[in-house]
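Engineer: Below: one structure in structure tokens.
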Amino acid sequence: MKIQRILALTKKELKKTVREPAVLFMIFLFPIIFVIAFGTAFGGAGSSNVAYNVGVVNSDTGAYSGQFLDGLSATKIVNLQTYIDNQSAQADLSQGKIQAVMLIPDGFSVSLLSYQASPNNPEQWTNASVALYLDKGSLVATQAIPPILQQGLLAMSGQGAPTQGSVSLTTASLVEVKQVSALDFIAPGMFTFASIFLIMMVGQSFTQDRENGMMKRIRITPTSSTEFIASQVISYMGIALIQAALVFALTYALGFQPAVGVTTYLFAFILVTVFSVSNVGFGLITATIAKSPGAATGIAFLFVIPQMFLGTFIGAQLSSAAQTAGQFVPSYYVTDALTSLFLRGASITSQTVLVDFTIVLASCAAILAAGIALYSKRFKL
Amino acid sequence: MSESAIIMENLGKQYQDVTALDNLNLQVGKGELFGLLGPNGAGKTTAISILCGLLKPSAGQASISGYDVQKDASKVKEMIGVCIQETAIYPYLTGAENIDLFGNLHTMDKTALKTRRSMLLGKMGLTEDAKRRAAKYSGGMKRRLSLILALIHDPEVIFLDEPTVAMDPQSRHAVWDFIQELKTQNKTMILTTHYMEEAEALCDRIGIIDHGKLIALGTPKELIQKNKVNNLEEVFIKLTGRKIREEA
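See the structure below:
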């Protein structure tokens, strides 16, 4: 294997990316526009917090509910609107005027008092439940509001985990998020999302080179198929790395600033870069089926759509069946690992992250091998 | 004929029920410029594709400078230069970048590549356009660049598959002159062309192929005399029953 050949082909591929307007748009400009559009819409450009409108029906007569609500208001993540009864609050919720309704029960303060009196003895607690109704039409509210309220309840009941306290939030997620915006939820998926479109580029590139005779011309040189594939993998890994850097810079500017170390960032970049290998594999499969670059664009969507809908940030909002299906696409594990690292605060050596990384590594190698095998069987490499 | 640089023995290629090459036996001497003529679909490109290692023969064998084209494919690819029928160049690269890419694929030394690139650009009249993107080139310029890509590594054996097609007369004559110059450098060449005057002017020997079979072989003069006609075009019509530019 000659490095000179691999470098020459890699350089050529990178020049193509920069010089071909369609490629440049699809690989770099499209993800940038997408991130800015989504980031601005859900992240609140210029502000790290988004304020959610939450209606409150407070039936509690004690002091703790007031403290709880003051604490929530102080976060500036939620705008609280007081209602006299559930019916009027539900009316506003159904019209989209507020994004959630929270019902604080009569025994809220009593429950917290009982907890504080015997924090380690659940048998002495008077349990209470805060009911939460969410705007089902707002994907972001569904994901973002429960953890915020959960965090407020945690603050009221001390340092214990939510399940250990006497007051529970009936719809709250157990994910520990200190301060969230919708952008926080979708940002990990954006890293994955940008890279998926490489499938289309690889498919088009191979089909075009085959159509105009370039593939034939390269095969006449002593370049081996290993050298050729290595150059493709290196090129697209490099492009994926640049994409990830761009997406990261943009999401950071729009408010996604997870408090994690440099090592975590580096690991995240490695993960996205490794993921791009599967896109070369899918691109090769696309080029195997497609007879022209135009057809490659269409066929690429067979791989782009499932990866996008089932494996990126959109997947988190889908049904449980769709999420189960997502486990069959590599992007799911990339998004899951990034979410664990950035949102759940998991370390890179945690079991979840390592399992995700192993699956990404293995599936990418398998998809690339399948792509090479299928393409070589129909066309020579 | 001097020592053989290219040998084809009982070469055959079958595509399902179509016979593209039928028991082709041919030898091309070292330093010889051999013209391979035939109507469209006669099997010329198939023969060249087998010699370049692009296609596997269904029968027989072929060798270049003693190396089997199948078993020693990588060695053969180091020795050959092929100007393919398609104007295959990367449009988003400049002329010079296209040349450098193929020089690097042949692992040429940087200095040697620069020197040869400069020489070939000059010969093909592309020096001033070397830094322009190839997408902006005219059809004739693209063909000339395509020829440079085939010759950048100074190959011993050269396959020229319709090298002057779509070229203006001036460019065509520049290429002819260059091919003549390659002959003086003792390069072995196989030329396929639809231009009879090109074959007659350049080739030492000519093989006419039809339906995958070699139907005539000799110098242009021998073929004309043997068939008692006035020129190579008439030889072709007499032997194949078709004009060379008719569809097969």
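Line order of the protein sequences matches chains A and B. Numbered per this note's numbering, the first sequence spans residues 1 to 381. Numbered per this note's numbering, the second sequence spans residues 1001 to 1248. Glycine included, every Cβ here is placed at the ideal spot set by N, Cα and C. From a predicted model like this one, the values you see are computed outputs, not experimental measurements.
#1: In chain order, what residues of the stretch 1102–1114 of chain B put their CB closer than 8 Å to some CB of chain A?
#2: What three-state label does DSSP hand B:Cys1203 in the structure shown?
#3: Scan the stretch 206–228 of chain A for residues whose Cβ lies nearer than 8 Å to a Cβ of chain B and list them as they occur along the chain.
#4: Taking Cβ positions only, does B:Val1082 come closer than 8 Å to chain A?
#5: Of the residues that make up the stretch 1029–1056 of chain B, which ones have a beta carbon closer than 8 Å to any beta carbon in chain A?
#6: Would you list the residues sitting across from A:Asn58 in a DSSP beta bridge?
#7: Using the Cβ count rule (16 or more neighbours within 10 Å means buried), how would you classify A:Ala161?
#8: When Cβ atoms are compared, which residues of the stretch 13–47 of chain A fall closer than 7 Å to chain B?
#9: Suppose contacts are defined by Cβ-Cβ distances below 8 Å. Is B:Leu1024 in contact with B:Leu1147 by that definition?
#10: Where does B:Val1165 sit, in a helix, a strand or coil, going by DSSP?
#11: Quick check on the DSSP output: the beta strand (DSSP E) that includes A:Lys291 runs from which residue to which?
#12: Alpha carbon to alpha carbon, what distance is there between B:Ala1020 and B:Lys1238?
#13: With a cut-off of 8 Å, do at least 3 Cβ pairs link the stretch 215–223 of chain A to the stretch 303–312 of chain A?
#14: Quick one: Cα of A:Val247 to Cα of A:Pro330, how far?
#15: Measure from the C-beta of B:Glu1078 to each C-beta in chain A and report whether the shortest distance is under 8 Å.
#16: Rounded to whole angstroms, what's the CA-CA distance from A:Lys16 to B:Val1175? Just pull it up for me.
#17: Quick one: what's got a C-beta closer than 6 Å to A:Ser278's C-beta in the same chain, skipping five residues either side?
#18: Just the C-alpha distance for B:Thr1193 and A:Ala268, rounded to the nearest angstrom, thanks.
#19: Please report the straight-line C-alpha distance between A:Val101 and A:Ser94, rounded to a whole angstrom.
#20: From B:Ala1096 to B:Val1069, what does the alpha carbon distance come to, in whole angstroms?
#21: Taking the straight line between their C-alpha atoms, what separation do you get for B:Met1008 and B:Val1028?
#22: What residue ranges within the stretch 1094–1140 of chain B form continuous alpha helix (DSSP H) runs of no fewer than 4 residues, ordered along the chain?
#23: Distance, Cα to Cα, A:Ser205 vs B:Gly1041?
#24: Please state whether DSSP places A:Leu132 in a helix, a strand or coil.
#25: Around the C-beta of B:Thr1240, are 16 or more other C-beta atoms found within 10 angstroms, so that it is buried, or is it exposed?
#26: Can you give the Cα-Cα distance for A:Ala89 and A:Ala74, rounded to whole angstroms?
#27: Check whether the stretch 1174–1189 of chain B and the stretch 1100–1109 of chain B touch, using three or more Cβ-Cβ pairs below 8 Å as the test.
#28: Rounding to the nearest angstrom, what Cα-Cα distance links A:Gly261 and A:Leu341 in this structure?
#29: Please check if any C-beta of chain B sits within less than 8 Å of the C-beta of A:Gln4.
#30: Have a look at the DSSP bridge pairing and note the partners of B:Glu1032.
#31: Starting from A:Ala8, find everything on chain B with Cβ-Cβ shorter than 8 Å and list it in chain order.
#32: Near B:Lys1183, what residues of its chain come up, given a Cβ to Cβ distance below 6 Å and the 5 sequence neighbours on each side ignored?
#33: Run the CB neighbour count on B:Leu1113, radius 10 Å, all protein chains shown included, and call it buried at 16 or more, exposed below.
#34: Pull up the distance between the alpha-carbon of B:Arg1133 and that of A:Phe197, whole angstroms please.
#35: Ends of the beta strand (DSSP E) at A:Gln81?
#36: Of the choices B:Lys1071, B:Gly1035, B:Leu1037, B:Pro1039, whose alpha-carbon is the least far from that of B:Cys952?
Structural biologist: Taking the definition as stated:
#1: Phe1102, Asn1104, Leu1105, His1106, Thr1107
#2: Looking up residue 1203 of chain B in the second sequence gives position 203. It is coil, neither helix nor strand.
#3: Asn212, Gly213, Met214, Lys216, Arg217, Ile218, Arg219, Ile220, Thr221, Pro222, Thr223, Ser224
#4: As a working mapping, residue 1082 of chain B is identified with position 82 in the second sequence. So, interface residue.
#5: Cys1052, Gly1053, Leu1054
#6: Residue 58 of chain A sits at position 58 when you count from the first residue of the first sequence. In DSSP, A:Asn58 forms a bridge with A:Ile104.
#7: Position 161 of the first sequence, counted from the first residue, corresponds to residue 161 of chain A. Summary for A:Ala161: the model assigns pLDDT 43, below 50, so the residue's position carries little reliability; its value from the coordinates is reported in the next sentence. Counting Cβ neighbours within 10 Å, A:Ala161 comes out exposed, since fewer than 16 surround it.
#8: Lys15, Lys16, Arg19, Glu20
#9: What you label residue 1024 of chain B is simply residue 24 of the second sequence in a count that begins at 1. What you label residue 1147 of chain B is simply residue 147 of the second sequence in a count that begins at 1. For B:Leu1024 and B:Leu1147, no; Cβs fall outside 8 Å.
#10: Taking the first residue of the second sequence as position 1, residue 1165 of chain B is located at position 165. Here B:Val1165 sits in coil by DSSP.
#11: Position 291 of the first sequence, counting from 1, holds the residue named residue 291 of chain A. From DSSP, A:Lys291 is part of no beta strand (DSSP E); its letter is neither H nor E.
#12: Counting from one through the second sequence, the residue named residue 1238 of chain B turns up at place 238. Counting from one through the second sequence, the residue named residue 1020 of chain B turns up at place 20. So the alpha carbons of these two residues sit roughly 21 Å apart.
#13: no
#14: Taking the first sequence and counting its residues from 1, one reaches residue 247 of chain A at position 247. Taking the first sequence and counting its residues from 1, one reaches residue 330 of chain A at position 330. In a straight line, the C-alpha of A:Val247 is about 19 Å away from that of A:Pro330.
#15: Translated into positions along the second sequence, residue 1078 of chain B becomes position 78. Closer than 8 Å to some Cβ of chain A, the Cβ of B:Glu1078 qualifies, so yes.
#16: Here residue 16 of chain A is taken as the residue at index 16 of the first sequence, counted from 1. Here residue 1175 of chain B is taken as the residue at index 175 of the second sequence, counted from 1. Taking the straight line from one Cα to the other gives about 30 Å.
#17: Taking the first residue of the first sequence as position 1, residue 278 of chain A is located at position 278. Counting only Cβ-Cβ distances below 6 Å, and skipping sequence neighbours, we find Pro330, Cys364, Ile367.
#18: Residue numbering aside, residue 1193 of chain B sits at position 193 when the second sequence is read from its first letter. Residue numbering aside, residue 268 of chain A sits at position 268 when the first sequence is read from its first letter. Going by the C-alpha atoms only, they are around 57 Å apart.
#19: Locating residue 101 of chain A in the first sequence gives position 101, where the first residue counts as 1. Locating residue 94 of chain A in the first sequence gives position 94, where the first residue counts as 1. About 10 Å.
#20: As a position in the second sequence, residue 1096 of chain B is number 96, starting the count at 1. As a position in the second sequence, residue 1069 of chain B is number 69, starting the count at 1. Looking at the two C-alpha atoms, the distance is approximately 30 Å.
#21: As a first step, residue 1008 of chain B must be located in the second sequence, where it is residue number 8. As a first step, residue 1028 of chain B must be located in the second sequence, where it is residue number 28. Rounded to the nearest angstrom, the two C-alpha atoms are 9 Å apart.
#22: Here the runs fully enclosed are 1095–1105, 1110–1123.
#23: As a working mapping, residue 205 of chain A is identified with position 205 in the first sequence. As a working mapping, residue 1041 of chain B is identified with position 41 in the second sequence. Each residue's Cα considered, the two are about 29 Å apart.
#24: Counted from its first residue, the first sequence places residue 132 of chain A at position 132. If DSSP states are grouped into helix, strand and coil, A:Leu132 belongs with the strands.
#25: Stepping through the second sequence from its first residue, residue 1240 of chain B is reached at position 240. It is buried - the Cβ of B:Thr1240 has at least 16 other Cβ atoms within 10 Å.
#26: Along the first sequence, one-based indexing puts residue 89 of chain A at 89. Along the first sequence, one-based indexing puts residue 74 of chain A at 74. Distance between the alpha carbons of A:Ala89 and A:Ala74 is about 22 Å.
#27: no
#28: Looking up residue 261 of chain A in the first sequence gives position 261. Looking up residue 341 of chain A in the first sequence gives position 341. Their Cα atoms are separated by approximately 10 Å.
#29: In the first sequence, counting from the first residue as 1, residue 4 of chain A sits at position 4. Chain B, which has a Cβ nearer than 8 Å to the Cβ of A:Gln4, makes this yes.
#30: On the second sequence, residue 1032 of chain B is found 32 positions in, with the first residue counted as 1. Partner(s): none; B:Glu1032 has no beta bridge.
#31: To locate residue 8 of chain A, count along the first sequence from 1; it is residue 8. Asp1100, Leu1101, Asn1104, Leu1105, listed in chain order.
#32: Position 183 of the second sequence, counted from the first residue, corresponds to residue 1183 of chain B. Counting only residues of its own chain and dropping the five nearest sequence neighbours on each side, B:Lys1183 has a CB closer than 6 Å to the CB of Leu1033.
#33: Your numbering for residue 1113 of chain B matches position 113 in the second sequence. Its Cβ being crowded by 16 or more others within 10 Å, B:Leu1113 is buried.
#34: Indexing the second sequence from 1 puts residue 1133 of chain B at position 133. Indexing the first sequence from 1 puts residue 197 of chain A at position 197. Approximately 26 Å between the Cα atoms of the pair.
#35: Here residue 81 of chain A refers to the residue found at position 81 of the first sequence. First-last of the beta strand (DSSP E) with A:Gln81: 78–82.
#36: The structure shown does not extend to residue 952 of chain B, since chain B is modelled only from 1001 through 1248, so no value can be given for it.
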